[in-house]
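In our numbering, the protein residues as written are 438 to 864.
Backbone N, C-alpha and C fix where the C-beta goes; we use that ideal spot for every residue, glycine too.
Quantities reported herein were computed from a predicted structural model and do not represent experimental measurements.
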């Protein structure tokens, strides 16, 4: 191989040597014939063949998996598989992140490491060479937040981004939330579901603890979501413990409902990033595990079917009321002072940026209603018309669901951000 390289160097620099003589040409032909006999053709050809790398997801054990990133001119982004695979050319760089800053790739000393594709699933850095399956972080990846001054939700909230500090200059956002700190109220969250990667989605069962980072310093959400506290606060609001306790069973309580759900993200470390209270609202468990779960699954399957990314906006609207001991409707909160309100409605907008089509789902967050009336609906229900209807959408205990034209819903729910819409998304 070295002989071939020397010959190529001579031939590529022929401008600096005299025109070959007949004797020189004969010697070169003899030399090349000799080298061809010494080095098999398949071996010499493979020296210039690019095999590339194919990295498959999900990993066998992805609890400690790093976040896979692309790096273009020092600007990082998430590397999203097509199908089950990420495909790289020979010596193409691959950036792996172990967040936060005190975490690192095992066998290295930094939390952001650049590897090169070495063929198959083998990656090489300055310090180590390994197949991707064997590359892990010291501990599971933890996301962070970036609090901004940008107003949102009709100026009721501020944008708080959930993601990763990948460099001194760049915070890479995974989820954008609109959070009302004054009321401890998550107004909405925005994230992307990458349908082209649907087969690669992690099935990791580990769930990290919820983080209070981003909340007002005196808002103790971990304590407020405990069922003991829920019952005590509701008893004060309704006027008696029996009035409050009737709403609670072993399977019925106010759960920590994700706005951007963990299962919508392809990698396990990205799924862990959803466990911030700025991405959470109080949701009755029978609804959280009922029709709301069905809607989330529909969104992922739809994105996977069309193999395109979908923008998803999920939020809350209005305040849930329950009757007190005198039969008067009382707004429900997790804190006696009125913070962390329990929403009356949960909404989810699914938006295809390419076609500019969207659909809105709305669930009534009250499993105790005897009946749903027309006045309870925020729009004309179009679930059937656009093939989104499901058998249980009318079951109140599971969360009564109706579908809206996004523009119709926005006239009522004014905290919904602007979207350029040209049609309604069909299932």
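Reduced DSSP secondary structure (H/G/I, E/B, other) of residue i
i: residue 733; result: helix
i: residue 632; result: helix
i: residue 661; result: helix
i: residue 739; result: helix
i: residue 752; result: strand
i: residue 757; result: coil
i: residue 552; result: strand
i: residue 685; result: coil
i: residue 777; result: coil
i: residue 715; result: helix
i: residue 768; result: strand
i: residue 516; result: coil
i: residue 672; result: helix
i: residue 579; result: coil
i: residue 589; result: strand
i: residue 785; result: strand
i: residue 679; result: helix
Distance, residue j Cα to residue i Cα
i: residue 796; j: residue 861; result: 6 Å
i: residue 736; j: residue 841; result: 15 Å
i: residue 670; j: residue 709; result: 30 Å
i: residue 835; j: residue 732; result: 12 Å
i: residue 491; j: residue 704; result: 16 Å
i: residue 494; j: residue 773; result: 46 Å
i: residue 846; j: residue 855; result: 12 Å
i: residue 510; j: residue 502; result: 25 Å
i: residue 595; j: residue 584; result: 8 Å
i: residue 811; j: residue 837; result: 12 Å
i: residue 650; j: residue 822; result: 42 Å
i: residue 636; j: residue 679; result: 48 Å
i: residue 481; j: residue 864; result: Residue placement at residue 481 is flagged as unreliable, the pLDDT there being 32, under the threshold of 50; a coordinate-derived value is accordingly withheld.
i: residue 828; j: residue 742; result: 21 Å
i: residue 762; j: residue 674; result: 10 Å
i: residue 687; j: residue 799; result: 26 Å
i: residue 746; j: residue 788; result: 9 Å
i: residue 506; j: residue 642; result: 23 Å
i: residue 753; j: residue 632; result: 25 Å
i: residue 848; j: residue 832; result: 26 Å
i: residue 605; j: residue 575; result: 22 Å
i: residue 590; j: residue 850; result: 10 Å
i: residue 552; j: residue 515; result: 15 Å
i: residue 486; j: residue 751; result: No answer about residue 486 holds up, because its pLDDT of 34 lies below 50 and its placement is not dependable.
i: residue 531; j: residue 783; result: 39 Å
i: residue 639; j: residue 824; result: 28 Å
i: residue 557; j: residue 528; result: 12 Å
i: residue 844; j: residue 818; result: 13 Å
i: residue 706; j: residue 603; result: 14 Å
Limits of the alpha helix (DSSP H) - the one that residue i falls within
i: residue 843; result: 843 to 849
i: residue 853; result: Careful: residue 853 lies outside any alpha helix (DSSP H) and carries neither H nor E.
For residue i, the nearest candidate out of the options (CA to CA)
i: residue 580; options: 638, 609 and 680; result: 609
i: residue 778; options: 575, 784 and 770; result: 770
i: residue 524; options: 512, 767 and 569; result: 569
i: residue 658; options: 612, 507, 597 and 714; result: 714
i: residue 588; options: 850, 560 and 618; result: 618
i: residue 790; options: 753, 754 and 749; result: 749
i: residue 792; options: 785, 804 and 859; result: 859
i: residue 497; options: 565, 533 and 573; result: 573
i: residue 560; options: 512, 814 and 488; result: 488
i: residue 781; options: 632, 707 and 691; result: 691
i: residue 755; options: 814, 548 and 761; result: 814
i: residue 646; options: 678, 848 and 711; result: 711
i: residue 852; options: 643, 603, 506 and 614; result: 614
i: residue 571; options: 660, 515, 591 and 499; result: 499
i: residue 597; options: 819, 612, 604 and 706; result: 612
i: residue 555; options: 603, 549 and 563; result: 563
i: residue 667; options: 545, 537 and 693; result: 693
i: residue 767; options: 676, 740 and 566; result: 676
i: residue 565; options: 577, 582 and 547; result: 547
Residue i at chain C interface by Cβ criterion, 8 Å
i: residue 674; result: The structure shown has no chain C; it contains just one protein chain.
Unbroken beta strand (DSSP E) run spanning residue i, endpoints
i: residue 723; result: Unbroken run through residue 723 is the alpha helix (DSSP H), 722 to 725; no beta strand (DSSP E).
i: residue 523; result: 522 to 525
i: residue 709; result: Residue 709 -> not in any beta strand (DSSP E); alpha helix (DSSP H) instead, spanning 705 to 709.
i: residue 567; result: 566 to 568
i: residue 799; result: 794 to 801
i: residue 608; result: 608 to 617
i: residue 597; result: 594 to 602
i: residue 504; result: 504 to 509
i: residue 817; result: Note, residue 817: premise wrong, no beta strand (DSSP E); not H, not E.
i: residue 547; result: Careful: residue 547 lies outside any beta strand (DSSP E) and carries neither H nor E.
i: residue 561; result: 559 to 561
i: residue 693; result: 691 to 695
Using 8 Å as the threshold, is the stretch 694 to 711 in touch with the stretch 626 to 636, meaning 3 or more CB pairs across them? The stretch 694 to 711 vs the stretch 626 to 636: in contact.
Within the chosen definition, does the stretch 715 to 728 reach the stretch 801 to 810 through at least 3 CB pairs nearer than 8 Å? Yes, the stretch 715 to 728 is in contact with the stretch 801 to 810.
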